[in-house]
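Protein chains: 2
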Amino acid sequence: MKLSTAEENYLKAIFKISEKAKKSASTNAIAKHLSTSAASVTDMLKRLAEKELINYEKYKGVTLKTEGIKQATQLIRKHRLWEVFLVKKLRFSWDQVHEIAEQLEHIESKELIMRLDAFLDYPKFDPHGDPIPNADGKFTIRSQTPLSDMHKGQEGKLVGVKDHQTEFLKYLNSLNVKLGTIITVIDSVPYDGSMNVILDGKNEIMITAAVAQNLLIRKG
Amino acid sequence: MKLSTAEENYLKAIFKISEKAKKSASTNAIAKHLSTSAASVTDMLKRLAEKELINYEKYKGVTLKTEGIKQATQLIRKHRLWEVFLVKKLRFSWDQVHEIAEQLEHIESKELIMRLDAFLDYPKFDPHGDPIPNADGKFTIRSQTPLSDMHKGQEGKLVGVKDHQTEFLKYLNSLNVKLGTIITVIDSVPYDGSMNVILDGKNEIMITAAVAQNLLIRKG
DNA sequence: ATATATTTTTAGGGTTATCTAAATATTAAT
DNA sequence: ATTAATATTTAGATAACCCTAAAAATATAT
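Printed below as a string of structure tokens:
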């Protein structure tokens, strides 16, 4: 089924919201996610339900039907593959790629994505450490812990970030924190949750709780 | 100024039509080029005129204003750069790239195009031999002659094709005729304009006038 | 359990980009 | 120079997305 950019964006929003909340997506949540009005969301939900892409009952929130999940997953696949392309091949920095990938993900061509995937050597994770679903929609699972949950003496590699905002990523750049950085917890302050950590066994820096919650670590 | 995909397609159509015809584009010509109705064209022309992108007087045809030319040229630049990417990096064949590039050309990011251009090593021509305008909109000019205008004994390199249709390009594939092929005219038949030519000094083949008119040769 | 607050839907509009059919202007032909 | 043919524009609709304001449904708080 061929969808419009708007329809695709709604499916992706519903997917992300219900994934995070582990329940159906509310009209308001979708409206906020897409920076639009609740009335516009209701409007679109009716059309998506008509096309059998979502389960929608008035006032009850929405979930994706099988075809909706498939479409949303493929969009995420395309978005993340393009992000890898932008960073690995065009040398963009990880804080510059979201908006462009947001456009590129709507390009329609199965062949293009197959070839792009091969060209990039079948990456499993994007530049923010998010898993790239394969052509069948399967995500690679990886054990990871927010830095904020780690204890004094523990060590691990930074494998992902939760917050993708430019502001946050630029701040990490300024701290010289990037995917692959080895982080060792020196101590954590119970009072405010801030932590002192060592990066790659070299520089010691202080990280606030807000930041630590958004850094995903593979322990060991 | 930010334009819609539809507006961009109209500007590109007007550019191509008036370039080929060397005069203003008619409503019907635009309608045919975009496979739409004349009424829709009139409608859009009013809006483009309102935005100062074209010169439009009822019943008189249209020409592009400076800003319209600039936008059309940048679209052509983007389209052709993406085609180079698809063929050179993703190994698509020259007959498969038009539709995909047609979508990619609407992606909006100056930075993306700058980096793509660098990544591709600043190509001057696309996979069909069409010149790629530079960031300032300047096209590289190259002397070229349709094969149909060449005479017995003359030789040259295939540098471009006029017809971009999949059918035509696939036919050339089957003849093993590609950009860079050296073509030597053995003789031409005045009766129907067909020609016997040698490819790369090896195989002799016969080419009809219809095909010869669409092959662009750099003599010598 | 009832009042209040919040969420969601409906009603009524607006814009963009299409369409077909009808009217009008231009061009070509005799 | 009329008439016929062709090209173009106008008129009137439709569909997709979006909006604000008002109404209705649901959730919450005392």
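From first to last, the protein sequence lines are chains A and B. Everything in the first sequence is counted per the working numbering, starting at 110 for the first residue and increasing by one. Everything in the second sequence is counted per the working numbering, starting at 110 for the first residue and increasing by one. In this text, a Cβ means the ideal position worked out from N, Cα and C, and glycines have one as well.
- Chain A places no beta carbon closer than 7 Å to that of residue 186/B, leaving this residue out of the contacts.
- Inclusion of residue 268/A and residue 310/A in the CB contact set at 7 Å is not warranted, their separation being larger than that value.
- Against chain A, a Cβ distance below 9 Å from residue 209/B picks out 216, 217, 218, 220, 221.
- Cβ contact annotation for residue 289/A (same chain, cutoff 7 Å, sequence separation greater than five): 266, 267, in chain order.
- For residue 300/A, there is no enclosing alpha helix (DSSP H), since its DSSP letter is neither H nor E.
- 7 Å or more divides the Cβ of residue 172/A from the Cβ of residue 135/A.
- Between residue 300/B and the set 294/B, 317/B, 313/B, 291/B, the nearest pair of CA atoms involves 317/B.
- Contact annotation: the segment 252-266 of chain B touches the segment 282-298 of chain B, with at least three C-beta pairs closer than 8 Å.
- In the three-state reduction of the DSSP assignment, residue 153/A falls in the helix class.
- For residue 175/A, there is no enclosing beta strand (DSSP E); the enclosing alpha helix (DSSP H) has its first and last residue at 175-193.
- Partner residues in a beta bridge of residue 290/A, as assigned by DSSP, do not exist.
- When C-beta distances to chain B are compared with 7 Å, every residue of the segment 270-301 of chain A stays at or above that value.
- Bounds of the alpha helix (DSSP H) holding residue 224/A are 219-228.
- Residue-level contact by beta carbon fails for residue 183/A and chain B, as no gap is shorter than 7 Å.
- Across the structure, residue 211/A and residue 185/A are spaced so that their CA atoms are roughly 10 Å apart.
- Secondary structure note for residue 125/B: its alpha helix (DSSP H) is the uninterrupted segment 114-130.
- The continuous stretches of beta strand (DSSP E) do not include residue 162/A, and DSSP gives it neither H nor E.
- With a threshold of 16 other beta carbon atoms within 10 Å, residue 183/A meets it and is buried.
- Within 10 angstroms of the beta-carbon of residue 313/B lie fewer than 16 other beta-carbons, which makes it exposed.
- Classified as buried, residue 189/A has 16 or more neighbouring CB atoms from the shown chains inside 10 Å of its CB.
- Residue state for residue 312/A is assigned as strand, using DSSP reduced to three classes.
- With contacts defined as CB atoms closer than 7 Å, residue 126/A and residue 138/A qualify as a contacting pair.
- In the structure shown, residue 206/B falls within a coil segment according to DSSP collapsed to helix, strand and coil.
- When DSSP states are grouped into helix, strand and coil, residue 277/B belongs to the helix group.
- Listed along chain A, the residues sitting closer than 9 Å to residue 228/B by beta-carbon distance are 198, 199, 200.
- For residue 326/A, the enclosing beta strand (DSSP E) has its first and last residue at 324-328.
- By alpha-carbon distance to residue 276/A, the top candidate from 166/A, 320/A, 154/A is 320/A.
- For residue 270/B, the enclosing beta strand (DSSP E) has its first and last residue at 264-270.
- Segment contact: the segment 148-165 of chain B against the segment 192-204 of chain B, fewer than three CB-CB distances shorter than 8 Å; contact not assigned.
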